Amino acid sequence: MDSSKDIKTYIKLAKKGDRDAFIRIIESNKASMYRIAVSILNNPQDVEDAFQNTIIKAYEGIIYLKKNEYFKTWLIRILINECNAILRSNHRVIPIEEVESDAKVSTEFSKLELTSAVNSLSEDLRVVTTLFYFEDIPQKDIAKILDIPEGTVRSRLSRARNKLYEILKEK
882 MDSSKDIKTY IKLAKKGDRD AFIRIIESNK ASMYRIAVSI LNNPQDVEDA FQNTIIKAYE
942 GIIYLKKNEY FKTWLIRILI NECNAILRSN HRVIPIEEVE SDAKVSTEFS KLELTSAVNS
1002 LSEDLRVVTT LFYFEDIPQK DIAKILDIPE GTVRSRLSRA RNKLYEILKE K
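Numbering (the working numbering), first residue to last: 882 to 1052.
In structure tokens form, the structure reads like this:
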């Protein structure tokens, strides 16, 4: 994995048109992007479409990125916008009930159980949970990415924690 210093260098090079540098920064953010897209879309084809559209828009727009240190935030914002556009164009409702059944109550939950529980949350709670807990993005940055007040981020995280507790307690 590339260091933070390398990523900053790649961003500078990508802004000057270096395709290889752009590919490297996308590669370093690919796992995060995938997790976020899956948490919003839940459909492999839609995730792939959002991913591709995001990469194209980011490549075309990177020259307009004002502060290089906000690249990941900027990229995630593009991805979320693409996911929302796909949801609007499909006129679909994201399924809420995707919880595993017949699971035992346990204090240690597997990643699969946790992922399933997170995916069962409503979209607004699922997105902030994914960004905060899985991508380690600060609440302040999540508020900027989603264009909502910081207090709303905190309340959604609190509601998500309570719902996750209830869901996982049943398992």
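Each residue gets a CB set at the ideal place from its N, CA and C atoms; glycine is no exception.
Remember, it's a predicted structure, so these values are computed and weren't measured experimentally.
Item, Value
"Limits of the unbroken alpha helix (DSSP H) element including residue 948", "No alpha helix (DSSP H) contains residue 948, which DSSP labels as neither H nor E."
"Same chain, Cβ closer than 6 Å to residue 914, five either side skipped, listed in chain order", "960"
"Residue 904 beta carbon less than 7 Å from that of residue 949", "no"
"Counted within 10 angstroms of its Cβ, other Cβ atoms place residue 953 as buried (16 or more) or exposed", "buried"
"Exposure of residue 993, with buried meaning 16 or more beta-carbon neighbours within 10 Å", "exposed"
"For residue 993, three-class secondary structure by DSSP", "helix"
"Residue of 935, 996, 907 and 917 minimising C-alpha distance to residue 1016", "917"
"C-alpha distance - residue 1014 paired with residue 1036, whole-angstrom precision", "15 Å"
"Residue 1016 in three-state terms, based on DSSP", "coil"
"CA-to-CA distance, residue 900 to residue 996, given in whole angstroms", "34 Å"
"Nearest to residue 919 (by Cα), restricted to the options 886, 1001, 902 and 970", "1001"
"Cβ-based burial, residue 1043 [other Cβ within 10 Å; buried from 16]", "exposed"
"Where residue 910 falls, given that 16 or more other Cβ within 10 Å makes a residue buried", "buried"
"Through-space distance from residue 945 to residue 938, alpha-carbon basis", "11 Å"
"Helix, strand or coil at residue 1029 [DSSP, three-state]", "coil"
"Within 7 Å, strictly: CB atoms of residue 1020 and residue 1004", "no"
"Nonlocal neighbours in the same chain, by C-beta distance under 6 Å from residue 896, ignoring five residues either side", "943 and 944"
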